[in-house]
Amino acid sequence: MTDIRPAGHEVGAYFRFERWELPPPAGSEGPSAFAGRAPIDDHQRGPGGGLATGGLLTCIDSMGGLLCGLAVLPRWIVTASLSVQVLRARQVGPLGFHGRVLRQGRNSVVSSIEVVDEGDGGARVAESVVTCAVLDPGEMALGFSRPLVIPMPPPAAAPEGVESFFGIEPGEGPVTRLRLDDRLRNPWGILHGGAVATLVDVAARRAAAPDVVGEPATTGVMVHYLAPLRVGPVEARCTPVGTRADGTVVRVALHDTGAGDRLAALASVTVRAV
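Under our numbering, the first residue of the sequence shown carries the number 1, and numbering increases by one thereafter.
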């Protein structure tokens with residue numbers, strides 16, 4: 001396989017996310033499915049004891065990108081939107097992932113990814129839909145050995161917490177900032193979709209904390225990727241918009257402060273106590 005990731009890209013390795021392609025049956029022209037597995041290392045656990053929701057979103061985004069990208073070769077993709085419902089915050093691990101393409105169009109591809117807790121009898125953890133926009137890869141090398149297999153990386157020699165790894169600054173309140181490091185860039189040189197989703201998760205929980213009795217956890221996320229985040233720092237500006245039976249709803253707007261304060265992503269997040 002030719003590595004399509006730029007030098008220094010470490011997001012997939014950080015979560016030790018292994019993935020393997022499931023080709024369609026012989027004689028079928030449909031796209032491949034994918035399976036995957038991610039351990040839950042202690043430094044990556046979040047509210048409720050399971051994988052931090054940002055980590056879950058990152059793995060889902062990464063698998064969705066592979067599913068959709070391989071389906072449209074020789075073209076490639078970027079994430080356009082990500083919708084995730086988290087069903088269980090308490091997880092044993094490892095987590096198992098299964099993804100398939102729902103729709104393949106000329107300009108977009110839609111995939112579905114289900115997550116289960118292999119350490120808890122296959123209990124359902126999350127359901128998601130990832131929509132990707134199809135792009136011309138230009139000079140990017142897209143050579144693969146098929147079926148594609150990405151093995152699980154070894155444990156980190158010096159474990160680093162999720163917020164620290166993603167360059168998310170400590171703090172509280174309605175604004176959270178992320179420093180855009182090169183290791184967080186995707187093959188297009190822009191902030192990885194999983195890093196965007198992780199910032200959304202952390203920022204929404206901080207903003208909702210005053211309205212939540214207990215430890216706040218993200219249970220539902222809908223992210224729309226509007227423009228590339230290239231410069232940074234990235235600011236997540238949050239507005240709690242109300243409460244309902246399943247939690248507090250927070251609107252999150254991501255701005256690239258180093259690129260004229262451009263609005264780059266909008267998200268709606270549900271946060272509740274666990």
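Cβ atoms here follow ideal geometry from the backbone N, Cα and C, with glycine treated the same way. Bear in mind that the values here come from a model prediction, so they are computed numbers and not experimental data.
Residue range of the beta strand (DSSP E) that residue i falls in?
i, result
"I113", "S108 to D117"
"L184", "Careful: L184 lies outside any beta strand (DSSP E) and carries neither H nor E."
"A80", "W76 to V86"
"L178", "V175 to L178"
"G344", "As displayed, the chain neither begins before 1 nor continues past 274, which places residue 344 out of reach and without an answer."
"R146", "No beta strand (DSSP E) contains R146, which DSSP labels as neither H nor E."
Whose CA, out of the options, lies closest to the CA of residue i?
i, options, result
"T257", "S268, R45 and T176", "T176"
"G50", "T58, I40 and L57", "I40"
"V269", "G64, G69 and L57", "L57"
"R251", "V234, V271, A245 and A259", "V271"
"R37", "V86, L95 and D201", "L95"
"G46", "G232, S62, P210 and T198", "T198"
"P228", "D211, A236 and H192", "H192"
"V92", "G121, G105, R103 and A158", "G121"
With a threshold of 7 Å on Cβ separation, who are the neighbours of residue i within its own chain once the five nearest residues in sequence on each side are excluded?
i, result
"A282", "Residue 282 is absent from the structure shown; the chain starts at 1 and stops at 274."
"A52", "Q44, R45, G46 and V162"
"P6", "Confidence at P6 is low in this model, with a pLDDT of 35, below 50, so the placement of that residue is unreliable and no value is reported for it."
So for residue i, helix, strand or coil by DSSP?
i, result
"G36", "strand"
"Q91", "coil"
"F15", "coil"
Could you pull the start and end residues of the alpha helix (DSSP H) that residue i belongs to?
i, result
"T257", "Counting along the chain, T257 falls outside any alpha helix (DSSP H), and DSSP gives it neither H nor E."
"G55", "T53 to A71"
With a 10 Å radius around its C-beta and 16 neighbouring C-beta atoms as the bar for buried, classify residue i as buried or exposed.
i, result
"D261", "exposed"
"G55", "buried"
"L180", "buried"
"D61", "buried"
Excluding the five sequence neighbours on either side, which residues of its own chain have a C-beta within less than 6 Å of the C-beta of residue i, listed in chain order?
i, result
"C68", "I77, V109, S111 and C132"
"F165", "Y14"
Cutting at 8 Å between CB atoms, please list the residues of its own chain near residue i, excluding the five before and the five after it.
i, result
"G64", "T79, L82, G99, S111, I113, S128, V130 and C132"
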